[in-house]
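What the sequence shown shows, in the numbering used here, is residues 936 to 1123, in sequence order.
Following: one structure in structure tokens, then a few remarks.
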Amino acid sequence: MNTVVKMLLTLAIVGIISGASLSEISNWAEPKIAEHRKRDTEKAIFLVQKDAKSYDKIEDAPFELYTVADEQGNMIGYALPYEGNGFQGKVRIMIGIDPEITKILAIEVLEQVETPGLGTKITEEPFTKQFIDLNCNPNIESVKGAPPSKDNQIQSITGATISSVAVVKIMNDGLESLRKYKKSGAKS
936 MNTVVKMLLT
946 LAIVGIISGA
956 SLSEISNWAE
966 PKIAEHRKRD
976 TEKAIFLVQK
986 DAKSYDKIED
996 APFELYTVAD
1006 EQGNMIGYAL
1016 PYEGNGFQGK
1026 VRIMIGIDPE
1036 ITKILAIEVL
1046 EQVETPGLGT
1056 KITEEPFTKQ
1066 FIDLNCNPNI
1076 ESVKGAPPSK
1086 DNQIQSITGA
1096 TISSVAVVKI
1106 MNDGLESLRK
1116 YKKSGAKS
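Okay, here's the thing in structure tokens:
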């Protein structure tokens, strides 16, 4: 048999075995990844909605959305996971929102791949704490180099302005989607 044919046959066999192995590993890992993501989402819901005792996913929403309830079952707000582009990749945030969609109760960054040391500061308390009880009507604003002067403003992280602004944009996009959904006559 020709050397080239032997080499091509060997490469083909190795490729088929490798591809099949990767497929099996992916099939094995997929449910575990989904379970971890579900657990992280649930944990984040209760972090951004401190008074929540239960939650329900709104199945007819065109995006992932949860209502949260207190001990008596009264709806006390929303938990909205939303994602968008950061400086280096996707940023996914859980946003706690009051029932009237006028105030952010808290946020939790679920996923990010921002620059270590600077962009990753969007996950740290000095930044995320700014969103507690933040007015989001009409929108959230980010200010650079000065303390916020309005009740709907947060201060950008020095050296990570793009990541800070990205978080604000993601939140404003999510809030806009939620407002449109509610205006459409949604029953949540």
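All C-beta atoms in this analysis are idealised placements derived from N, C-alpha and C, irrespective of residue type, glycine included.
Nothing here was measured: the structure is a model prediction, and the numbers come from that model.
By the Cβ criterion, the stretch 1075 to 1088 is not in contact with the stretch 1041 to 1055, since fewer than three pairs of Cβ atoms, one from each stretch, lie closer than 8 Å. Contact between residue 1039 and residue 1000 is ruled out by a C-beta separation of about 15 Å, above the 8 Å threshold. According to the DSSP assignment, residue 1002 belongs to the beta strand (DSSP E) that extends over 1001 to 1004. Within the same chain, Cβ atoms closer than 6 Å to the Cβ of residue 1016 are found at 999 and 1029, the five residues on either side in sequence being excluded.
Counting of Cβ neighbours within 10 angstroms places residue 984 among the buried residues, the total reaching 16 or more. With 16 or more other CB atoms across the displayed protein chains lying within 10 angstroms of its CB, residue 1101 is buried.
Residues 1044 of the same chain have their beta carbon placed closer than 6 Å to that of residue 1058, with the five preceding and five following residues left out of the count.
With a threshold of 16 other beta carbon atoms within 10 Å, residue 974 falls short and is exposed. Judged by DSSP in its simplified three-state form, residue 989 adopts strand.
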